[in-house]
Amino acid sequence: MNFFAATLESLGAKLVGWFDVGYGMFAFLARALMLLLDPATWNRATFDVVIKQVYFTAVQILHVFLGYALVISWLIITIILSTAREFGLTEFATEMAIRVLVLELLPFLTALFIALRSGSAINTEVALMRVNNELDALDHCKVPPMQFEFLPRLIGGVVSVVTLATLAGLVALLLAYLSIYGMSMAGFEAFTRTVAKIFDFRIVAGLAMKCALFGLAVTLIPVTAGLETPKKLFMVPVSVLRGMMRVFFAIVAIEVMSLALKYI
Amino acid sequence: MNAVKSNPFHFKVGLFAAASLLLIGLFLVYLLHARGFFEHTYRLKLAAASADGVAPGVPLVFSGIEIGRVASLGLNDNGGIVINVELLERNARWLKQNSSFTLDKPFVGGAKIRVDTPDLKAPPLPDNSTMLLLSADISKEIPVLVDRVKTILDNIDHLTRKDGELNATLANVKTLTGNMTGEYGMLEGVLGSPEKARAVTDSLDKTRALLSKLDGLALKMDGMAVKADTWLFSQDGVATQTRASLQQIRALLDDAQSSLKKADAMMTNAVAISADVREGTQDIARLRAEIDEAVRRANALVNEINKKWPFARDPEVKLP
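One line per chain: the protein sequences are L and X, in this order. Its first residue numbered 3, the first sequence is counted upward by one per residue in the working numbering. Its first residue numbered 35, the second sequence is counted upward by one per residue in the working numbering.
In structure tokens, the structure reads:
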């Protein structure tokens with residue numbers, strides 16, 4: 003009985019912990035959105051920080067990322083094409099490749115890419131700033147950290163994931179066309195028909211929404227995880243670990259949700 | 035953390051943003067073009083007897099390529115089904131006034147409306163026109179198909195029944211091939227029984243024996259002719275006559291011999307080479323005729339000799 007009670011208690015504690023984390027996250031997001039809507043936020047200084055964040059999150063890794071997207075797309079397209087030919091389903095190969103790559107795999111991989119590179123860095127940076135009391139110092143100097151540290155990171159994340167996923171999708175579309183029809187315009191009409199069939203308004207809006215959510219998840223969660231860090235230096239790695247786990251779960255949850263909305 | 039202004043920094047982000055926006059914009063324009071946003075939407079009404087299997091989204095297919103979709107369907111004032119199909123202007127050129135529209139409901143996969151245009155030079159179908167939708171429902175053809183298959187199966191049953199034609203034929207073929215594998219091979223197969231086949235071979239053997247006998251006879255007669263020459267005195271008496279007769283006999287003998295040789299060759303041919311039953315039969319018939327002919331000639335010869343010198347005891351040659 004004692005054991006049972008203990009189990010229930012620990013479960014309750016966990017649930018309360020998750021709720022706290024979720025609440026903290028959404029409260030933070032709400033504050034960020036309020037700030038975003040405030041015209042006073044949009045001065046030259048904020049804009050510069052946003053540009054810096056976009057540069058570090060997207061532009062700096064553009065060539066690496068596009069190369070990576072190219073290789074992954076080429077692999078997947080080749081696998082789909084050869085399998086489709088083997089089973090005599092070539093007419094579905096184009097649609098299959100586009101759906102798998104542009105709608106599902108590439109946005110997901112982009113989010114993971116940004117999470118690994120920028121998300122972990124943001125988490126560490128925020129945790130260190132908090133441990134070193136830098137955030138309080140900034141506040142003291144009338145430099146609100148939300149406006150100059152956190153909001154630009156969120157915007158940078160969303161813009162980066164949306165843009166990079168789109169660019170990777172375009173690369174994959176081009177590659178799919180070249181793989182299927184080669185260097186000729188012969189298949190353009192059929193390809194256009196397939197593209198028209200796949201990308202209706204709902205799908206495009208859903209894709210944009212999904213990418214934006216991915217971008218938010220890979221920046222918002224690390225920032226809140228960093229802010230939760232107790233003021234002890236050895237807690238920084240633990241904070242990063244927790245933050246990255248949450249990011250991973252959030253990405254999977256968003257992907258599952260989008261699939262459920264699309265196909266159920 | 036004040037923003038540090040640095041030109042290459044801004045330039046790169048600006049370039050990235052501009053290029054991305056340009057690409058996204060181009061893609062959106064391409065997408066709008068692909069979905070026919072810049073085109074007039076062509077509408078077509080299809081009148082059908084039944085809307086069974088038709089739903090919004092069912093494709094309109096021309097030569098296996100989707101050119102449009104069912105937008106909506108409903109009933110008109112007379113209770114008839116009206117199916118509204120929408121397609122892009124560029125795809126509407128495949129629709130002509132002589133086009134036929136068929137509702138295809140395959141076993142596997144969804145229903146589709148098939149467009150068949152026999153003449154692409156026919157005048158185009160105007161916008162908003164109403165056409166008739168035919169139904170090619172495979173499931174309705176199944177009972178007919180089953181009936182036909184049943185008839186075929188009945189026929190097969192009739193053919194293969196226990197006392198049926200097929201069984202009798204097979205039994206005949208079995209007997210024939212059984213005979214062919216007997217001692218006398220194909221000859222037995224053709225003639226029907228080993229006894230008859232043996233009779234043919236026996237007669238051949240006898241003919242051979244007869245031939246050798248006749249050969250011997252001829253030699254004897256040669257000798258007798260010489261003796262007669264010496265015995266008979268007169269120059270143009272019996273002897274001359276006899277010589278003439280003898281020459282005649284030799285010619286007859288030669289004839290008989292060649293006939294028999296021919297028969298022999300024919301026999302070899304029939305047994306060893308000819309695999310075709312019909313050809314074999316013809317050969318056998320000819321062989322039989324040849325043998326008969328040879329025997330007849332031999333008989334005639336013996337009779338002739340008998341007339342001149344009545345020394346032969348058994349002038350008759352019997353054909354078995």
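Backbone N, C-alpha and C fix where the C-beta goes; we use that ideal spot for every residue, glycine too.
- If you count every other CB in all the chains shown that lies within 10 Å of the CB of Tyr76 (chain X), and 16 or more means buried, which is it? By 1-based counting over the second sequence, the position of residue 76 (chain X) is 42. The residue in question, Tyr76 (chain X), is buried, as its Cβ has 16 or more Cβ neighbours within 10 Å.
- In chain L, which residues lie less than 8 Å from Ala68 (chain X) when you measure between Cβ atoms? Against the second sequence, residue 68 (chain X) aligns to sequence position 34. Near Ala68 (chain X) (Cβ distances below 8 Å), the residues of chain L are Thr194, Arg195, Val197, Ala198 and Phe201.
- Query: Which residues of chain X have a Cβ atom closer than 7 Å to the Cβ of Ile53 (chain L), listed in chain order?
  - Reply: Indexing the first sequence from 1 puts residue 53 (chain L) at position 51. Correct list: His44 and Val47.
- Message: At a CB distance below 7 Å, what residues from the region 33-61 of chain L approach chain X? Give them in sequence order.
- Response: Ala47, Asp50, Val51, Ile53, Lys54, Val56, Tyr57, Ala60 and Val61
- Item | Ile78 (chain L) versus L:Ile253, L:Gln149, L:Ile182 and L:Ala99, residue with shortest Cα-Cα distance | Sequence index remark: in the first sequence, residue 78 (chain L) carries index 76 (1-based). The shortest Cα separation from Ile78 (chain L) among L:Ile253, L:Gln149, L:Ile182 and L:Ala99 belongs to L:Ala99.
- Query: Cβ-heavy atom distance between Val160 (chain L) and the ligand ATP below 8 Å?
  - Reply: Absence of the ligand ATP is noted for the structure shown, with no ligands found whatsoever.
- Would you please state the rounded distance, in angstroms, between the beta carbons of Ala113 (chain L) and Gly228 (chain L)? I believe it to be under 8 Å. Counted from its first residue, the first sequence places residue 113 (chain L) at position 111. Counted from its first residue, the first sequence places residue 228 (chain L) at position 226. Not a contact, Cβ separation roughly 19 Å.
- Message: For Thr241 (chain X) and Leu286 (chain X), which I take to be in contact (beta-carbon distance under 8 Å), what is that distance rounded to the nearest angstrom?
- Response: Along the second sequence, read from residue 1 onward, the residue named residue 241 (chain X) stands at position 207. Along the second sequence, read from residue 1 onward, the residue named residue 286 (chain X) stands at position 252. That pair is no contact at about 15 Å.
- Residue environment, Ala363 (chain X), which counts as buried when at least 16 other CB atoms sit within 10 Å: An answer regarding residue 363 (chain X) cannot be provided, because it is not within the stretch 35 to 354 covered by chain X.
- Query: To which residues does DSSP link Tyr76 (chain X) through a beta bridge?
  - Reply: Here the question's residue 76 (chain X) lines up with position 42 in the second sequence. DSSP lists X:Leu121 as partners of Tyr76 (chain X).
- Query: How many Å lie between Gln55 (chain L) and Pro147 (chain L) at the Cα?
  - Reply: By one-based count along the first sequence, residue 55 (chain L) stands at place 53. By one-based count along the first sequence, residue 147 (chain L) stands at place 145. If you take the alpha carbons of Gln55 (chain L) and Pro147 (chain L), they lie about 14 Å apart.
- Nearest-angstrom Cα separation, counted from Tyr57 (chain L) out to Ala47 (chain L): Along the first sequence, one-based indexing puts residue 47 (chain L) at 45. Along the first sequence, one-based indexing puts residue 57 (chain L) at 55. Each residue's Cα considered, the two are about 15 Å apart.
- Using only alpha-carbon positions, find the residue among X:Arg320, X:Ala299, X:Glu338 and X:Gln291 that is nearest to Ala328 (chain X). Mapped onto the second sequence, residue 328 (chain X) falls at position 294. Taking only the C-alpha atoms, the option nearest Ala328 (chain X) is X:Gln291.
- Start and end residues, beta strand (DSSP E) containing Ala405 (chain X): Nothing in the structure corresponds to residue 405 (chain X), since chain X is present only between 35 and 354.
- Task: List the residues of chain X that Thr168 (chain L) touches, going by C-beta distances under 9 Å, in chain order.
- Result: To locate residue 168 (chain L), count along the first sequence from 1; it is residue 166. The contacting residues are Ser54, Leu57, Ile58 and Phe61.
- Task: Kindly indicate which three-state DSSP category Pro228 (chain X) falls into: helix, strand or coil?
- Result: Along the second sequence, read from residue 1 onward, the residue named residue 228 (chain X) stands at position 194. Helix.
- Taking the DSSP output, what are the residues bridged to Met246 (chain L)? Sequence index remark: in the first sequence, residue 246 (chain L) carries index 244 (1-based). Bridge partners of Met246 (chain L): none, in fact.
- Query: Under 9 Å between the Cβ atoms of Lys233 (chain L) and Val133 (chain L)?
  - Reply: The sequence position of residue 233 (chain L) within the first sequence is 231, counting from 1. The sequence position of residue 133 (chain L) within the first sequence is 131, counting from 1. A contact, by the Cβ cut-off of 9 Å.
- Query: Straight-line CA distance for Leu209 (chain L) to Val173 (chain L)?
  - Reply: Sequence index remark: in the first sequence, residue 209 (chain L) carries index 207 (1-based). Sequence index remark: in the first sequence, residue 173 (chain L) carries index 171 (1-based). Looking at the two C-alpha atoms, the distance is approximately 16 Å.
- Query: To which residues does DSSP link Ile20 (chain X) through a beta bridge?
  - Reply: In this structure chain X extends from 35 to 354, so residue 20 (chain X) is not present and cannot be described.
- Query: How should Val66 (chain L) be labelled, buried or exposed, when 16 other C-beta atoms within 10 angstroms of its C-beta is the threshold for buried?
  - Reply: In the first sequence, residue 66 (chain L) corresponds to position 64, counting from 1. With fewer than 16 Cβ atoms within 10 Å of its Cβ, Val66 (chain L) is classed as exposed.
- Task: State yes or no: is the C-beta of Arg103 (chain X) within less than 9 Å of the C-beta of Gly91 (chain X)?
- Result: Taking the first residue of the second sequence as 1, we reach residue 103 (chain X) at position 69. Taking the first residue of the second sequence as 1, we reach residue 91 (chain X) at position 57. Yes, they are a contact pair.
- Query: Given that Phe96 (chain X) touches chain L, what residues does it touch there, using C-beta distances under 9 Å?
  - Reply: Along the second sequence, read from residue 1 onward, the residue named residue 96 (chain X) stands at position 62. Those within 9 Å of Phe96 (chain X) in chain L number zero; the least Cβ separation is about 12 Å.
- Task: Measure the C-alpha to C-alpha separation of Cys143 (chain L) and Pro41 (chain L) and round it to an integer number of angstroms.
- Result: Reading the first sequence from its first residue, position 141 is the one you call residue 143 (chain L). Reading the first sequence from its first residue, position 39 is the one you call residue 41 (chain L). Rounded to whole angstroms, Cys143 (chain L) to Pro41 (chain L) spans 21 Å at the Cα level.
- Message: Let me confirm a value: Thr211 (chain X) is counted as buried when at least 16 other C-beta atoms fall within 10 Å, else exposed. Which label applies?
- Response: On the second sequence, position 177 is the one that residue 211 (chain X) refers to. That one is exposed.
- Does the beta-carbon of Ile190 (chain X) have 16 or more other beta-carbons within 10 angstroms, so that it is buried, or is it exposed? Counting from one through the second sequence, the residue named residue 190 (chain X) turns up at place 156. Burial call: exposed.
- Is the CB-CB distance between Ala219 (chain L) and Gly158 (chain L) below 9 Å? Here residue 219 (chain L) corresponds to residue number 217 of the first sequence, with the count starting at 1. Here residue 158 (chain L) corresponds to residue number 156 of the first sequence, with the count starting at 1. No, these two residues do not count as a Cβ contact at 9 Å.
- Neighbour flag for Ala51 (chain X) against chain L, beta carbons, 9 Å: Here residue 51 (chain X) is taken as the residue at index 17 of the second sequence, counted from 1. So, interface residue.
- Item | Residue closest to Leu323 (chain X), alpha-carbon to alpha-carbon, out of X:Leu238, X:Ile339, X:Phe43 and X:Leu335 | Counted from its first residue, the second sequence places residue 323 (chain X) at position 289. Looking at the sequence shown, residue 323 (chain X) is not Leu but Ala. Checking every option, the nearest Cα to that of Ala323 (chain X) belongs to X:Leu238.
- Task: Just list the alpha helix (DSSP H) runs in the region 4-51 of chain L, keeping only unbroken ones of 4 residues or longer that don't cross its boundaries, in chain order.
- Result: 4-39
- Query: Is Phe152 (chain L) near Ala34 (chain L), with beta carbons less than 9 Å apart?
  - Reply: Counting from 1 along the first sequence, the entry for residue 152 (chain L) is found at position 150. Counting from 1 along the first sequence, the entry for residue 34 (chain L) is found at position 32. In contact: Phe152 (chain L) and Ala34 (chain L) (Cβ atoms closer than 9 Å).
- Message: Helix, strand or coil, according to DSSP, for Thr92 (chain L) in the structure here?
- Response: On the first sequence, position 90 is the one that residue 92 (chain L) refers to. Helix, per DSSP.
- Is any beta-carbon of chain L found at less than 9 Å from that of Ile147 (chain X)? For the purposes of this step, residue 147 (chain X) is identified with residue 113 of the second sequence, where counting begins at 1. No - not a single Cβ of chain L is within 9 Å of the one on Ile147 (chain X).
- Task: Output, in sequence order along the chain, the residues in the region 125-138 of chain L whose CB is closer than 8 Å to any CB in chain X.
- Result: none
- Query: From this set, X:Leu159, X:Leu335, X:Tyr64 and X:Pro160, which residue's C-alpha is nearest Leu244 (chain X)'s C-alpha?
  - Reply: By 1-based counting over the second sequence, the position of residue 244 (chain X) is 210. Taking only the C-alpha atoms, the option nearest Leu244 (chain X) is X:Leu335.
- Message: For a cutoff of 9 Å on Cβ pairs, would you count Leu65 (chain X) as touching chain L?
- Response: Taking the first residue of the second sequence as position 1, residue 65 (chain X) is located at position 31. So yes, Leu65 (chain X) belongs to the interface.
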